[in-house]
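My numbering runs 633 ahead of the 1-based position in the first sequence.
Each residue gets a CB set at the ideal place from its N, CA and C atoms; glycine is no exception.
Please read the structure below before turning to the comments.
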Amino acid sequence: MLFSLVKTLKKSPEVLGKELGEHLIKNYPDFFSGYNVIKGFLNLKIADGALTELLQKSYLNENFGKKSSSHEKIMVEYSSPNTNKPLHLGHLRNNFLGWSVAEILKANGNEVIKTSIVNDRGIHICKSMIAWQMFANGATPESAHEKGDHFVGDYYVKFNDEYKQELTDLINSGKTKEEAEKEAPIMKKTQQMLLDWENGKPEVRALWAKMNGWVYDGFDKTYDRIGSDFDHTFYESNTYLLGKDFVKEGLDKNILFKKDDGSVWIDLSDKNLDEKLVLRGDGTSVYITQDIGLAIQKFEDYHLDKSIYVIGDEQLHHMKVLKEILRKLGMPFADKIFHLSYGMVELTTGKMKSREGTVVDADDLVDEMVTTAAMHTKELGKVKDFSEEELNELYETLALGAMKFYLLRVDPKKRMVFNPDESIDFHGFTGPFVQYTYARIQSILRKVNQASDVQSHTSEITDLLPLERQLIIALEKYSTIISDAAEEMNPSVIANYVFNLARLYNSFYSEHSVANAENEEKKNLRLCISVMTANIIKSAMKLLGIKVPDKM
RNA sequence: GGCCCCGUAGCUCAGUGGAUAGAGCAACAGCCUUCUAAGCUGUGGGUCGCACGUUCGAGUCGUGCCGGGGUCACCA
């Protein structure tokens, strides 16, 4: 691109391009073998020898693409479930995104700590506890033969049904909506339970511990299956107290103020954010109270350069307020907090609403995908020699590959539509397409069976075919792609890259034979390209949390 | 209403101031005697929401408008 130089040098793009091109070829004949100038663009052709040499160097580098120097200590908080209902599709996007971003940051040379904050206390937790007391007759997940998180979630739904019923009854007896909301007996009981919980009443604490235990059993199974893991887990039941301490401190310093009813507020009107409540009139915590506590604890426990929160974009305002409060409280790390916001997952039929039963349950979805993967695999009948165990492992690999790729291939910041038909598609821009490319390469290697002595002689090649050139150039980009993805905290950069690489390889595969290449040099070159393509596919897919099968 | 995000092919999405705006799906036409056809090749399909501006050059930057969403809770 020559326009930027045209002005200062006062030469036409054509003349300038020609001069530059001649100069580069004359002085660097090992790197450039040709050039042309079209419409103000200087195109240089990289010499075959330079490309094959690059290929050889990269091929011998086991950690190709990854950076080794550790420059920053970064915490990635993701998942962050509530212990009153099972995980749904939105949580899956969060989990896949958080996990992947953490791995990408690691690959780019950072020290990363994966964490989750479990929202294990609060009014919503009390709701399922109250409903269980009222309706369960002592039932347990074991007695109901249900996964613990689903079991507790059912009582959360029961609470809402009952609450709605009480509201209509009260409104029918002449109360206004506001009065009904205040007076509904089940809500009053729940508020009392929250107070009892904060005061440490033993029966309430025992029930709370029991029911949360059920939920954790369920979550562990789901996490294990989808491959989410954490270096450290925070519990809101610990951090909310810390938040309260800082509210006290803020009052002493006159940063916060108390209203007549005893509630505590901060004035953020100078930042265009209005006033914000940080402690209720009855002294119990609100959402942001515990967030203040947790943010402080994170920086005290670990000495972080950056703290990333993977949270939906409906909380952009909340996170802005949190940062501002921390700044006003004089916390030096307020500016090291980064909200990695992602868009809501919508269904083709509209939004997911838990109260209307239109949520897509995470466990159900995985089951469905596994069934679909099994169906396709059986139809194709390519893995008849697999044992039952190997088959099941393959189905999980394909199902989760499809799901993760589907949710990660789009820009996280954007809202996305979950189309069930598309998500179970195994063709085109999908995880299984990339997995298939990997399996094909493994098949070649099994056939050729000499992967170990591939290294030799590739740099003698001087007649690269267009697809060979394109592949080598694409392979060499991997390192840059990781940096880009890390900088943007965007796994879709990886997904797009690895898909295009696989597509390119498939074109190459159908055009040229590896095992029956024209001569030994070509065969070696193509094996080298194939092995490296497979390595990069495996590595890139791992950054997305996706496994690749040797056969499918 | 204030603030924030989005608007690109029938659908789902890439496109980081540069060339003739690209993929996948869907539709249509081909390719399995040769390393896995979950693949490959080709065809059709676009006033990049609208208008003005900045620039040698705008899908990309700025302003205004139109359309969609989010948020502004003593919910989390």
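Proximity to Tyr-849 across Glu-947, Ala-813, Thr-866 peaks at Thr-866, based on C-alpha coordinates. DSSP places Met-1165 in the helix class (H, G or I) of the three-state scheme.
For Val-911, the enclosing beta strand (DSSP E) starts and ends at 908 to 912. The C-beta distance from Tyr-1069 to Met-1174 rounds to 12 Å, too long to meet the 8 Å contact threshold. In this structure, DSSP gives Ser-1056 a helical state, which the three-state scheme calls helix. Around the CB of Ser-918, 16 or more other CB atoms lie within 10 Å, so the residue is classed as buried.
Residue Lys-956 holds the alpha-carbon nearest to the alpha-carbon of Leu-927 among Gly-731, Lys-706, Lys-956. In this structure, Arg-1042 lies near Ala-1128, with their beta-carbon atoms less than 8 Å apart. Around the beta-carbon of Pro-714, 16 or more other beta-carbon atoms lie within 10 Å, marking it buried. Counting along the chain, Thr-922 sits inside the alpha helix (DSSP H) bounded by residues 920 to 934.
For the options Ala-683, Leu-687, Lys-718, the alpha carbon positioned closest to that of Ala-995 is the one of Lys-718. Per DSSP, Asp-900 lies in no alpha helix (DSSP H); the unbroken beta strand (DSSP E) holding it starts and ends at 897 to 900. Going by C-alpha positions, Gly-771 is about 37 Å away from Ile-925.
Per DSSP, reduced to three states, the secondary structure at Tyr-711 is coil, with no helix or strand assignment.
As a beta-bridge residue in DSSP terms, Val-670 pairs with Leu-675. In this structure, Val-943 is the residue among Val-943, Thr-982, Glu-947 with its C-alpha nearest to the C-alpha of Ile-970. With a 10 Å radius around the Cβ and a threshold of 16 neighbouring Cβ atoms, His-721 comes out buried. If you check the CB distance, Lys-747 and Phe-852 do not come in under 8 Å. In this structure, DSSP gives Phe-1019 a state outside helix and strand, which the three-state scheme calls coil. Closest in C-alpha terms to Met-1036, from the list Leu-1134, Gly-723, Ser-974, comes Gly-723.
Asn-727 sits close to Ser-712, with the two beta carbons spaced by under 8 Å. In the same chain as Leu-1040, and ignoring 5 residues on each side of it, the C-beta atoms closer than 6 Å to its own belong to Arg-726, Phe-729, in chain order.
Under the criterion of beta carbons closer than 8 Å, Phe-1066 and Ala-1135 qualify as touching, at roughly 6 Å. It is roughly 37 Å from the alpha-carbon of Leu-1176 to the alpha-carbon of Leu-635. Each of Lys-1047, Gly-883, Met-762, Gly-742 was checked against the Cα of Ala-839, and the nearest Cα belongs to Met-762. Annotation: Met-762 is outside any beta strand (DSSP E); the continuous alpha helix (DSSP H) that includes it extends over 756 to 768.
Between the stretch 734 to 745 and the stretch 772 to 784, the count of C-beta pairs closer than 8 Å stays below three; the two stretches do not touch.
Thr-1166 and Lys-700 have their alpha carbons spaced roughly 19 Å apart. Under the three-pair Cβ rule at 8 Å, the stretch 675 to 683 does not count as touching the stretch 1149 to 1168. Counted as a single uninterrupted DSSP element, the stretch harbouring Phe-863 is not any beta strand (DSSP E), since DSSP gives it neither H nor E.
Counting only the Cα atoms, Glu-1001 lies some 15 Å from Leu-1027.
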